[in-house]
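Undergrad: Sharing a structure, written as structure tokens. Questions coming.
In our numbering, the protein residues as written are 1 to 573.
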């Protein structure tokens, strides 16, 4: 009689395998050996395969991270260079239309010196616009310009109705008069308000002055100094107010209108205002009080030495800040390689910029050099300055600083000037200028070479692609002539230009590098996105496939369970 041994399971995640053996008495038995699949981590298996597909994206992630680190370093360099360029801008001298608007050498200030004990602060102040002619002037003040002031009679209240009606006219001599209507219910304050509503036209302002707790007066004042108030009183309103008498004269004239009278280098000048800006071009005088007998004020219009000093020290600070960053990119680790912080170690572009800046700082022209104005390098090539030497140069020869830092242009003919400047032309060159029979500019050659400049009207423009690209000269003459041009780009001019080449938003070298790295990162991200998409599709397919496999296992288990039940029933019978 045969015996049957069975192994069963209720899990849909298990399978059963069978084997058959024959006993010594010739009977056959079947052994069911179970293989349990319930312990398989299907989700973990799928995730492991999914991550394996994603592994290739890690390389691109690393590349993106490295590029982002470089981009940040380049942007730090660009920011520091932009600050250095701003500092250079003030010192490069905007002597032509291509220069900046903040040329420190064109800034002017007024230095006032008292003569005869006069208090300068309470007597006079002076402002000078950029580019004003420098010079010294002796000023005296004989009379200040004043406004015309007149007053009405006193009233016990400023708000009570005055029971006056009619109209009057009001204005200033040579101006436009206005008509002011007065009704019986108007108070002193109401009349003042009505006058002020027309003051922009009449040139007369009204104020209610509280003299005491029970005394108020209406004060009329000409808006501008030197102007006399005029009135018309056909209805007698102003006479009732006590402003004028029966003859039309002001009853209480607090201050007469008068012009300012002062002298500049002994020349007597009269103006209707105390703020005078039309005597010396670009210079404004503000008169506060008169000078006494034998007193005067010497006004010297000169360069703003304080601003020049600030511009120089700001330049030094900006260079040193960039220098500190540049040194940080040259650090070597203890193992001999680049330090982890030296992201741009050995970078050719940064090295080139550093070399150009270093070369610019060695510029000298005649007596102009960094050492001549008190600037020098320390052992780490940081700039430092001797304040005493710098101050002495500012006081004795500020032109030396301009010569060292700024762009200079000299023409042997007053007929030729510079409008825009480039950066590549030689320091000296000759223009052979030819005009036609009418005196109009017809052609220009440089040292006998044609095609380097084009002419248009009075403009001489450098041809693109030549060393004279970017230059535009202006010719105001009418005869053919040979003109020698001498120019020099000082330290600030050179650094401004080389930084512009590095950080220009369109085609600067650093800008281009950052753009390329950013675009490369975009490409890497596209690769990552593509790998991720394919891996996710693979994971989805695995999930479906394993779900089908588990379903098949479950079905097989059900069949196995059924067969085992049949065999068990047969065996029991």
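Each residue gets a CB set at the ideal place from its N, CA and C atoms; glycine is no exception.
What distance in whole Å lies between the Cβ atoms of residue 503 and residue 82, which are believed to be in contact at a cut-off of 8 Å?
TA: As a first step, residue 82 is located in the chain shown; it is residue number 82 there, counting from the start. As a first step, residue 503 is located in the chain shown; it is residue number 503 there, counting from the start. About 6 Å separates the two Cβ atoms, so the contact holds.
Undergrad: Whose C-beta lies closer than 8 Å to the C-beta of residue 281 among residues of the same chain, with five residues either side of it excluded?
TA: Translated into positions along the chain shown, residue 281 becomes position 281. Closer than 8 Å at the Cβ level, and outside the excluded window around residue 281, lie 132, 133.
Undergrad: Go through its chain and collect everything with a Cβ distance to residue 570's Cβ below 6 Å, but skip five positions before and after it.
TA: Your numbering for residue 570 matches position 570 in the chain shown. Nothing listed; no residue qualifies.
Undergrad: Give every residue of the same chain whose Cβ lies closer than 6 Å to the Cβ of residue 313, excluding the five residues on either side of it in the sequence, and list them in chain order.
TA: Within the chain shown, numbered from 1, the residue matching residue 313 stands at position 313. Contacts found: none.
Undergrad: In chain order, which alpha helix (DSSP H) runs of at least 4 residues are fully inside the stretch 285-333?
TA: Qualifying alpha helix (DSSP H) stretches, in chain order: 305-328.
Undergrad: For residue 430, collect the residues of the same chain with a Cβ closer than 8 Å to its Cβ; drop the 5 residues on either side in sequence, then sort them by chain order.
TA: Here residue 430 refers to the residue found at position 430 when the chain shown is read from its first residue. Only 446, 447, 482, 483, 484, 485 meet the Cβ criterion.
Undergrad: Which residue comes first and which comes last in the beta strand (DSSP E) that contains residue 139?
TA: Within the chain shown, numbered from 1, the residue matching residue 139 stands at position 139. Segment 135-143, the beta strand (DSSP E) holding residue 139.
Undergrad: Under a Cβ-count criterion, where at least 16 other Cβ atoms within 10 Å of its own Cβ denotes burial, should residue 220 be classed as buried or exposed?
TA: Taking the chain shown and counting its residues from 1, the one referred to as residue 220 is at position 220. Classification of residue 220: buried, given that the 10 Å Cβ count is 16 or more.
Undergrad: Compute the Euclidean distance between the alpha carbons of residue 190 and residue 243, then round it to the nearest angstrom.
TA: Against the chain shown, residue 190 aligns to sequence position 190. Against the chain shown, residue 243 aligns to sequence position 243. C-alpha separation (whole angstroms): 16 Å.
Undergrad: My understanding is that residue 188 touches residue 208, with C-beta atoms under 8 Å, so please give their C-beta distance in whole angstroms.
TA: Locating residue 188 in the chain shown gives position 188, counting from the first residue. Locating residue 208 in the chain shown gives position 208, counting from the first residue. The Cβ separation is near 6 Å, so the contact holds.
Undergrad: Considering only C-alpha positions, which residue in the set 311, 246, 390 is nearest to residue 103?
TA: Position 103 of the chain shown, counting from 1, holds the residue named residue 103. When only C-alpha atoms are compared, the closest one is 311.
Undergrad: What residue does the beta strand (DSSP E) around residue 209 start on, and which one ends it?
TA: On the chain shown, residue 209 is found 209 positions in, with the first residue counted as 1. That run of the beta strand (DSSP E) goes 204-212.
Undergrad: Excluding the five sequence neighbours on either side, which residues of its own chain have a C-beta within less than 6 Å of the C-beta of residue 10, listed in chain order?
TA: Residue numbering aside, residue 10 sits at position 10 when the chain shown is read from its first letter. Only weak support is given to the placement of residue 10: the predicted model assigns it a pLDDT of 35, under 50, and the value that follows is read from those uncertain coordinates. Same-chain partners within the cutoff: there are none.
Undergrad: Are the stretch 195-203 and the stretch 254-264 touching, with three or more C-beta to C-beta distances below 8 Å?
TA: Because the criterion of three Cβ pairs below 8 Å is not met, the stretch 195-203 and the stretch 254-264 do not touch.
Undergrad: Taking the C-alpha atoms as reference points, what is the distance between residue 516 and residue 422?
TA: Within the chain shown, the letter at position 516 stands for residue 516. Within the chain shown, the letter at position 422 stands for residue 422. Computed Cα separation, rounded: 28 Å.
Undergrad: Within the continuous beta strand (DSSP E) that includes residue 410, where are the two ends?
TA: For the purposes of this step, residue 410 is taken as residue 410 along the chain shown, with counting starting at 1. 407-411 is the extent of the beta strand (DSSP E) around residue 410.
Undergrad: Considering only C-alpha positions, which residue in the set 560, 511, 357 is nearest to residue 76?
TA: As a first step, residue 76 must be located in the chain shown, where it is residue number 76. Minimum Cα distance to residue 76 is reached at 511.
Undergrad: Check whether the Cβ atoms of residue 225 and residue 272 sit closer than 8 Å, and answer yes or no.
TA: Against the chain shown, residue 225 aligns to sequence position 225. Against the chain shown, residue 272 aligns to sequence position 272. Cβ atoms of residue 225 and residue 272: closer than 8 Å.
Undergrad: What alpha helix (DSSP H) runs, 4 residues minimum, are completely inside the stretch 485-565?
TA: Here the runs fully enclosed are 491-503.
Undergrad: Taking a contact to mean a Cβ-Cβ separation below 8 Å, would you say residue 180 touches residue 195 in this structure?
TA: Mapped onto the chain shown, residue 180 falls at position 180. Mapped onto the chain shown, residue 195 falls at position 195. Yes, these two residues count as a Cβ contact at 8 Å.
Undergrad: Would you call the stretch 525-541 and the stretch 368-388 touching, i.e. three or more CB-CB distances under 8 Å?
TA: No, because fewer than three Cβ pairs between the stretch 525-541 and the stretch 368-388 fall closer than 8 Å, the two stretches do not touch.
Undergrad: My output table needs one value for residue 64: the three-state DSSP class, helix, strand or coil.
TA: The residue labelled residue 64 in the question sits at position 64 within the chain shown. Residue 64 falls in the helix class under three-state DSSP.
Undergrad: When you compare the CB positions of residue 542 and residue 40, do they come within less than 8 Å of one another, or not?
TA: Taking the first residue of the chain shown as position 1, residue 542 is located at position 542. Taking the first residue of the chain shown as position 1, residue 40 is located at position 40. Cβ distance not < 8 Å, so residue 542 and residue 40 don't count as in contact.
Undergrad: Tell me whether residue 463 sits in a helix, a strand or coil according to DSSP, three-state version.
TA: As a working note, residue 463 is residue 463 in the chain shown. In this structure, residue 463 counts as coil in the three-state DSSP scheme.
Undergrad: Going by beta-carbon coordinates alone, are residue 238 and residue 153 separated by less than 8 Å?
TA: On the chain shown, residue 238 is found 238 positions in, with the first residue counted as 1. On the chain shown, residue 153 is found 153 positions in, with the first residue counted as 1. Contact: no.
Undergrad: Which value, in whole angstroms, describes the spacing of the CA atoms of residue 291 and residue 426?
TA: Along the chain shown, one-based indexing puts residue 291 at 291. Along the chain shown, one-based indexing puts residue 426 at 426. Taking the straight line joining both Cα atoms gives about 56 Å.
Undergrad: Assign residue 448 to one of three DSSP states: helix, strand, or coil.
TA: Along the chain shown, one-based indexing puts residue 448 at 448. Coil at residue 448, not helix or strand.
Undergrad: Could you spell out where the alpha helix (DSSP H) holding residue 120 opens and where it closes?
TA: Residue mapping note: residue 120 aligns to position 120 of the chain shown, counting from 1. Its alpha helix (DSSP H) spans residues 120-123.
Undergrad: Tell me where the alpha helix (DSSP H) around residue 349 begins and ends.
TA: Working through the chain shown from its first residue, we reach residue 349 at position 349. It spans 348-360 - the alpha helix (DSSP H) in which residue 349 sits, taken as one unbroken run.
Undergrad: Distance, Cα to Cα, residue 85 vs residue 505?
TA: Numbered from its first residue, the chain shown carries residue 85 at position 85. Numbered from its first residue, the chain shown carries residue 505 at position 505. Rounded to whole angstroms, residue 85 to residue 505 spans 14 Å at the Cα level.
Undergrad: Pull up the distance between the alpha-carbon of residue 527 and that of residue 60, whole angstroms please.
TA: Against the chain shown, residue 527 aligns to sequence position 527. Against the chain shown, residue 60 aligns to sequence position 60. The straight-line gap from Cα to Cα measures roughly 8 Å.
Undergrad: What is the rounded straight-line gap between the Cα of residue 432 and the Cα of residue 507?
TA: As a working mapping, residue 432 is identified with position 432 in the chain shown. As a working mapping, residue 507 is identified with position 507 in the chain shown. When rounded, the distance between both Cα atoms is 35 Å.
Undergrad: Who are the near neighbours of residue 277 in its chain, counting only those whose CB is closer than 6 Å to its CB and skipping five residues on each side?
TA: As a working note, residue 277 is residue 277 in the chain shown. Cβ within range, chain order: 284.
Undergrad: Across which residues does DSSP place residue 594 in a beta bridge pair?
TA: As displayed, the chain neither begins before 1 nor continues past 573, which places residue 594 out of reach and without an answer.
Undergrad: Expressed to the nearest angstrom, what Euclidean distance is found between the alpha-carbon atoms of residue 114 and residue 365?
TA: As a position in the chain shown, residue 114 is number 114, starting the count at 1. As a position in the chain shown, residue 365 is number 365, starting the count at 1. Rounded to the nearest angstrom, the two C-alpha atoms are 39 Å apart.
Undergrad: Going by Cα to Cα distance, which pick from 363, 520, 222 is closest to residue 62?
TA: Taking the chain shown and counting its residues from 1, one reaches residue 62 at position 62. Minimum Cα distance to residue 62 is reached at 520.
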